[in-house]
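Here the structure is laid out as structure tokens; the discussion comes afterwards.
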Amino acid sequence: MKEYNTLDDVDVTQKIVLLRVDFNMPLDKKTLTILDTTRIKRALPTIKELIENQAKTVIIAHQGRQGSWDFTNLHQHAQALEKLLAKPVQTVDDLHGKEAQAAIKNLKLGEVLLLDNVRKLDGETEKKSATEHAQSPLVQHLYPLADLFVNDAFAAAHRPQCSLIGFTAVLPSCAGRLLESELETLGKVVKQPLKPSVFLFGGAKFSDVVITIERLLDNNTADKIILTGLPANAFLKAQGINLGQKNEEILSKEGSPEQYKEIKRLLNKYSQNIYLPTDFAIEDNDQRDEITTEELPSNKTLYDIGTQTIKQFKQVIDDAKTVFLSGPCGVFENPLFMEGTKELFNFVANSGAFTIVGGGHTVAAVEQLGLDDKMSHISTGGGSLEKFMMGEKLPVVEALKAAKKRMK
Ligand code: 3PG
């Protein structure tokens, strides 16, 4: 018996269901078009189950963060969903106002409506309890119109945000099929990881990575940590390496002086377990060129790990029984800089280890490389997956557990 309800525990037939999904997509930076629809595909079992049971499905989702370049409306998400469902998906550029309320009231049995990007609401990302969030205009205006709240947003399960937990305080609530299956599969890996285990972190975010790494090493969940992308740059900077103005500028958008102190402390504590790149790829006259760490600072952006690093990291991964991939090793969207990601992801896919892949860009890279069938578990989570792997409680799951107790 699970501590939270699933779709098996509730009757959705002809009900008005508020469904929170994670449709936060990797977008092309120039065109802002969706690069990969994995997260939408993975939400389909829940959406199809609701449609088959003639529920009226009201989908709530987010894309990007206020102020970020990938903060867009959800029109193309609706189009992608429509295509995958082979069924119309209604949209409304509103969240809880008159237009949204009318659209919900006008829904017919089996129809699907996607509301606007929920992060347009100022209070959405505030860290509050479910009961506090339940007082928000979003919850207060929408919950009287609905019968049930279903949360299928595993990828955002680490965020105690309004649309993710607020409804659980006032509506019967349960986990969708995706959230349920992620928690089941990953729960087994966290309890008994096959050793040695290597965790590879890359990509373009690093604020949450520092605490994740320390916890994974403290808990003995991870034996070795490999860093690429922005996390690697941050760790090199913390070691006192000057990366060059452009690279430092990119880092300064994410990192604070306190964070670099923390990284330094972590590096001293676990100097034997953390592996950093020793060379990088840069662009020179539209060609890939490589430079070593000794050649830094560079006035060019570091776009990928270099050949020497790829070789060294393969040796680190060689005897691993569990490998966790979170974040590509470079700007893999550009063929000049996909080398690191291609080489290491291929190596991992063919290593025979239990492989877990997480994060929108990581999954997109795995799909692009045609490696999806070779990975053991492709998670839709990035940050949430990391938190789960390090043994942290996920606010979304805790809220669903509380809702189950309340429903009893
Ligand atoms: C993700 O993509 O990791 C989730 O959608 C959460 O996004 P966030 O980091 O902007 O909260």
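In this note's numbering, each residue's number is its place in the sequence shown (first place is 1) plus 34. Idealized CB from N, CA, C, for every residue including glycine.
Residue from the options with nearest C-alpha to residue i
| i | options | result |
| --- | --- | --- |
| His-192 | Arg-440, Lys-438, Val-126, Leu-419 | Leu-419 |
| Ile-297 | Asn-319, Asp-242, Ala-256 | Asp-242 |
| Lys-44 | Glu-373, Ala-398, Asp-406, Cys-208 | As written in the sequence, residue 44 is Val, which differs from the Lys given in the question. Out of Glu-373, Ala-398, Asp-406, Cys-208, Cys-208 has the C-alpha closest to the C-alpha of Val-44. |
| Ala-433 | Ser-197, Gly-361, Thr-72, Gln-113 | Ser-197 |
| Gly-263 | Leu-143, Tyr-337, Leu-108 | Tyr-337 |
| Asn-319 | Ala-187, Leu-330, Lys-334 | Lys-334 |
| Leu-143 | Asp-313, Ile-260, Lys-49, Pro-178 | Lys-49 |
| Leu-234 | Gly-364, Gly-393, Val-357 | Val-357 |
| Val-431 | Gln-100, Ile-81, Ala-203, Val-46 | Ala-203 |
| Gly-98 | Ser-286, Glu-158, Asn-140, Val-92 | Glu-158 |
| Ala-189 | Gly-394, Asp-407, Ala-437, Lys-439 | Gly-394 |
| Ala-387 | Asp-352, Phe-314, Val-400 | Asp-352 |
| Ala-100 | Ala-136, Lys-154, Glu-83, Gln-135 | Strictly speaking, residue 100 in this sequence is Gln, with Ala absent from that position. Of the listed residues, the one whose Cα sits closest to Gln-100 is Lys-154. |
| Thr-65 | Val-146, Asp-42, Gln-110, Thr-47 | Gln-110 |
Heavy atom of the ligand 3PG within 6 angstroms of residue i beta-carbon
| i | result |
| --- | --- |
| Asn-281 | no |
| Arg-193 | yes |
| Thr-58 | Checking the sequence, you will find Asn at residue 58 rather than Thr. It does: the Cβ of Asn-58 is within 6 angstroms (strictly closer) of some heavy atom of the ligand 3PG. |
| Gly-416 | yes |
| Arg-99 | yes |
| Ala-189 | yes |
Supposed contact pair residue j and residue i - C-beta distance, whole angstroms, cut 8 angstroms
| i | j | result |
| --- | --- | --- |
| Arg-249 | Met-409 | The pair is not a contact, with the Cβ atoms about 24 angstroms apart (cut-off 8 angstroms). |
| Lys-531 | Pro-194 | This structure cannot settle anything about residue 531, because the visible part of the chain is limited to 35 through 442. |
| Ile-339 | Ile-325 | Contact flag wrong, Cβ pair sits at about 11 angstroms. |
| Leu-205 | Tyr-177 | 5 angstroms |
| Leu-301 | Phe-347 | At roughly 17 angstroms, the Cβ-Cβ gap does not stay under 8 angstroms, so Leu-301 and Phe-347 are not in contact. |
So within the stretch 337 to 416, which uninterrupted beta strand (DSSP E) runs reach at least 3 residues, ignoring any that extend past its ends?
356 to 360, 388 to 392
For the stretch 231 to 279, which segments carrying the beta strand (DSSP E) assignment without a break, of at least 3 residues, lie completely within its bounds, in sequence order?
231 to 235, 258 to 261
Would you check if there are 3 or more beta carbon pairs closer than 8 angstroms linking the stretch 264 to 277 to the stretch 223 to 242?
yes
Kindly provide the ranges of any alpha helix (DSSP H) runs that are 4 or more residues long and lie completely inside the stretch 69 to 131, ordered along the chain.
72 to 86, 109 to 119
Hey, is the stretch 249 to 261 in contact with the stretch 216 to 234, meaning 3+ C-beta pairs nearer than 8 angstroms?
yes
Where are the beta strand (DSSP E) runs, 3 residues long or more, that stay fully inside the stretch 189 to 220, in chain order?
207 to 209
For the stretch 125 to 141 against the stretch 73 to 85, are there 3 or more C-beta pairs whose distance is under 8 angstroms?
no
Just list the alpha helix (DSSP H) runs in the stretch 291 to 334, keeping only unbroken ones of 4 residues or longer that don't cross its boundaries, in chain order.
291 to 303
Does the contact criterion of 3 or more C-beta pairs under 8 angstroms hold for the stretch 394 to 408 versus the stretch 56 to 73?
yes
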